[in-house]
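Numbering (the working numbering), first residue to last: 824 to 1163.
Below: one structure, written as structure tokens.
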Amino acid sequence: MRYPEFLKENGTIGFVAPSFGCATEPYYTAFSHARERFEKMGYRMQLGPNCLVEKGIGISNKPELCAEELNESYCGEKNDVIISCGGGELMCEVVPFIDFDRIRAAKPKWYMGFSDNTNFTFLSTTICDTAAIYGPCASAFGMEPWHESVQDAFDVLCGRQKEVHNYDKWEREWTKDEEHPLLPYNVTEPVYIRRFPDREAVFEGRLVGGCMDCLVNLLGTEFDHVAEFNERYADEGIIWFLEACDLNIMSIRRAIWHMKHAGWFSHVRGFLIGRPLCFGEEMFGIDQYRAVTDLLSEYQVPVIMDLDIGHLSPMMPMVSGAYAKVHSEGNSFELVYEWR
């Protein structure tokens, strides 16, 4: 696994928009404030040409232009790390224009983003054997004050932290809007971790995953290199982290079925499942837990659910490709990274 150099003091943070940019509120003001804050911290900024653009369909610009921005930013020398401006809907259309051969040959660089950015964080790991951070996008760093999870993500990016843990509360209702673009997460709901089986869980392995909405879209395409990835790390085992955005309960179950029968879960050591955006919904007597556990029980590995991963903030920074050690007991969860 290739690990990039961490962000150094006075380094340069690059921003790209292969999915949505920060052209509209509340993202425009939040992104502007994030850059002001980073500048006061001593960092330099480098913006890609699409960061403040709204010309595409479900993404910032035409797919070719979004990919060109990403290719040049990642492989160039104008920045030290990259943070994506935002998630969106159709970054999958950008993927065919991403030059993975060039990226594999380039010096590795940290890329951070989540949701639609799965199309890069997951593929850079499975295709290019390069670690990436599944974590907050650029505008999140504009909130005042930073939530602990945002600080954790930045500390991981800087190499100051290799342990992450769950938080006390999560955000059910989003309060940030055009008139209040800098509000922090509206954390009101207590975190309750669910484990299947219901006992202490201790395991380790190579971490990979992302947003299931995007993952099942990549499955079976020419960009699906999961089988080779699983074999490369078969001796260490694989830990899958998964979360869902637009998928309802049945869609989540279908996604799990699809990944399972494609062989993606071979050599699995455990599953880390984030709260889905459809949290608490039921369909035909199936809830968010049975949507997952019914199909994964045969692997006889721990399945930990309702974790701080994904769209219902806050979110722990998940380093795709990293070797990780997991410990969960009671209502606590801890993950320790090893850069090997």
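Beta carbons are placed, not taken as given, at the ideal position from N, Cα and C, and that holds for glycine.
Since the model is a prediction, treat every value here as computed from it, not as a measurement.
The beta-bridge partner set that DSSP reports for methionine 914 is empty. Annotation: glutamate 1027 to asparagine 1053 spans about 15 Å, alpha carbon to alpha carbon. For serine 907, the enclosing beta strand (DSSP E) begins and ends at 904 to 907. Nearest to glutamate 1157 by C-alpha distance, out of Met1139, Ala1145 and Gln1123, is Met1139. Below 8 Å, enough C-beta pairs join the segment 890 to 899 and the segment 926 to 944 to call them touching: three or more.
Under DSSP, no beta-bridge partner is assigned to cysteine 845.
Within the model, the alpha-carbon separation for glutamine 984 versus serine 1155 is close to 18 Å. Excluding its 5 nearest sequence neighbours in each direction, threonine 941 has C-beta neighbours in its own chain below 6 Å: Gly1033, Cys1034 and Cys1037, listed in chain order. At the C-beta level, glutamate 1121 and glycine 1097 stay beyond 8 Å of one another. Isoleucine 880 counts as exposed, since fewer than 16 other beta carbons sit within 10 angstroms of its beta carbon. Burial check for alanine 1057: the Cβ neighbour count within 10 Å stays below 16, so the residue is exposed. Arginine 1018 and phenylalanine 1064 have their C-alpha atoms some 14 Å from each other.
Within the same chain, Phe829 and Leu830 come within 6 Å of cysteine 981 by CB-CB distance, once the 5 residues on both sides are set aside. Beyond the five residues adjoining it in sequence on each side, aspartate 978 comes within less than 6 Å, by CB distance, of Gln984 in the same chain, given in chain order.
Distances from the alpha-carbon of asparagine 902 to those of Pro919, Gln869, Thr949 and Glu916 put Gln869 closest. From the listed residues Thr1116, Glu1012, Glu994 and Ile950, the smallest Cα separation to glutamate 1051 is found for Ile950. Isoleucine 836 sits close to isoleucine 906, with the two beta carbons spaced by under 8 Å. For secondary structure counted as the beta strand (DSSP E) over 3 or more consecutive residues, the segment 1023 to 1055 holds these complete runs in sequence order: 1024 to 1034. Contiguous beta strand (DSSP E) elements confined to the segment 930 to 1016 occur at 934 to 936, 955 to 957, 986 to 988, 992 to 994 and 1010 to 1013, taking only those with 3 or more residues.
Pairing proline 1020 with glutamate 848, the inter-Cα distance amounts to about 43 Å.
The three-state secondary structure of phenylalanine 861, taken from DSSP, is helix. With three or more CB-CB distances shorter than 8 Å, the segment 851 to 859 counts as touching the segment 997 to 1010. Within the DSSP bridge table, the entry for arginine 867 names Thr835 as partners. Annotation: aspartate 939 to leucine 913 spans about 7 Å, alpha carbon to alpha carbon.
Remark: C-beta atoms of glutamate 1104 and isoleucine 1062 do not approach each other more closely than 8 Å. Listed as beta-bridge partners of phenylalanine 1019 by DSSP are Val1126.
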